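J.: Below is one structure. I have some questions about it.
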Amino acid sequence: MFDSLFLLLTSVGLLSAAPSHSNSLGQMTVDGGRIIGGVEISIEKAPWQVSLEVNGYNFCGGVIYSKNIIITAAHCVYDKLLNDLSVRAGATTHNLGGSVVGVSAISLHEQYDNIIATNDIALLLLSSPLRLSKFVQVIPLATEEPSIGSTASVSGWGYTNGPTSNRLRSVNVDIVARAECLKVYGEKVFIRTSICASAPGKDACVGDSGGPLVYQGQLVGIVSHGKGCALSTYPGVYANVPTLNKWILRTASVLHQDEEM
């Protein structure tokens, strides 16, 4: 039906060694594979950004909700083992510096669909709390969607033709009207818990999944999927944080309670 980022994230071997990235339909080719049209930034510019690692290899992004909880895309972690997962925070280079913490619990959205990536959100409970600093910060959740045409930023490490983009990158994209996204993706894929954004020649791409879409210092989306990367007729699709706000709060509360038991 459509090309999706998450179909490319099923194994570290595929991500770290493949010379090019295409899904099972053989249609999606990543132009350079990283944040497209973006610029390198230091972690101080996006201190809520974390790198998710499997056995030490970066494969997705995530967002700091609290000292103990990370928000990411469900497709990044639905098939992962806890013992293999870790989170690197406070690092501009995804595989160097900062602090690395294990994961003790994963909570996927109950209505997550790994075929069409609806309700593509998950929370991770860390095995030990992060130490907050100018490099490691919590980001507040947006409670309202930005207006159409508002400019938001998305960040991540992404992938080149094989290796990752070592340094964190960011790009500005504009919020797209829901009607436009429904038109190109259809109502089964683009549902109420999705939001989309795009800009000419700019987009998140493979390996940026789970990372933040930020507007005016608040988290408005989580990188989910899209058809290709930076295609003018196919905006990038994100989990819609304002509509998922109550789920995040409720699930985080449960995870904190479990931690205290």
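Residues -17 to -1, 1 to 244 (mature numbering (1 follows the signal peptide of the UniProt record, and there is no 0)) are what the sequence shown spells out, left to right.
Just so you know, even glycine gets a beta-carbon here, dropped at the ideal spot from N, CA and C.
Just so you know, these numbers come straight off a predicted model, no measurement behind them.
1. Leaving out five residues on either side along the sequence, give the residues of the same chain with a beta carbon under 6 Å from the beta carbon of Asn149.
2. Using the DSSP secondary-structure output, state which residues sit across from Ser82 in a beta bridge.
3. Take Tyr198 and list the residues in its own chain whose beta-carbon comes closer than 7 Å to its own, dropping the five residues that flank it on each side.
4. Verify whether the separation of the beta carbon atoms of Ser90 and Leu238 is less than 8 Å.
5. One question on the structure: do Ile122 and Val46 come within less than 8 Å of each other, judged by their Cβ atoms?
6. Name the residue from Leu227, Ala162 and Ala180 whose alpha carbon lies nearest to the alpha carbon of His208.
7. How far does the beta strand (DSSP E) with Ala135 in it reach, from first residue to last?
8. Exposed or buried, Glu36, counting other C-beta atoms within 10 Å across all chains shown (16 or more means buried)?
9. So with Cβ pairs under 8 Å, would you call Trp230 a contact of chain D?
10. Whole angstroms are fine: how far does the CA of His92 sit from the CA of Ile99?
11. Would you kindly work out how many angstroms separate the C-alpha atoms of Thr101 and Lys117, rounded to a whole number?
12. Would you say the beta carbon of Gly44 comes nearer than 7 Å to a heavy atom of the ligand ADP?
13. Just list the residues that DSSP pairs Tyr198 with in beta bridges.
14. Keeping to the same chain, check which residues put their C-beta closer than 6 Å to that of Tyr95; ignore five residues upstream and five downstream.
15. For Arg233, name the three-state secondary structure that DSSP assigns.
16. Can you check DSSP and say which residues form a bridge with Tyr40?
17. For Glu163, which of helix, strand or coil comes out of DSSP?
18. Count the other CB atoms within 10 Å of the CB of Ile52; is the residue buried (16 or more) or exposed (fewer)?
19. Taking Leu64 as the reference, which of Arg175, Leu107, Ala72 and Leu196 has the closest Cα?
20. Using only the alpha-carbon positions, how far apart do Val70 and Val119 sit?
21. Can the beta-carbon of Val172 be found less than 8 Å from the beta-carbon of Ser192?
22. Does Leu151 pass the burial test, meaning 16 or more other C-beta atoms within 10 Å, or should it be called exposed?
23. So what's Asp67 in DSSP terms, helix, strand or just coil?
24. Please classify Ser138: is it buried, with 16 or more other beta-carbons within 10 angstroms of its beta-carbon, or exposed?
25. By the DSSP assignment, the alpha helix (DSSP H) with Val156 in it spans what residues?
T.: So, from the data block:
1. Thr76
2. Ala72
3. Ala125, Pro129, Ser133 and Ala135
4. yes
5. yes
6. Ala180
7. Thr134 to Gly139
8. buried
9. Considering every chain present, this structure includes no chain D. It has just one protein chain.
10. 14 Å
11. 34 Å
12. Questions concerning the ligand ADP fall outside what the structure shown contains, since it holds no ligand whatsoever.
13. Gln201
14. Ala57 and Asn102
15. helix
16. Val37
17. helix
18. buried
19. Leu107
20. 12 Å
21. no
22. buried
23. helix
24. buried
25. Per DSSP, Val156 belongs to no alpha helix (DSSP H); it is in the beta strand (DSSP E), Arg152 to Ile158.
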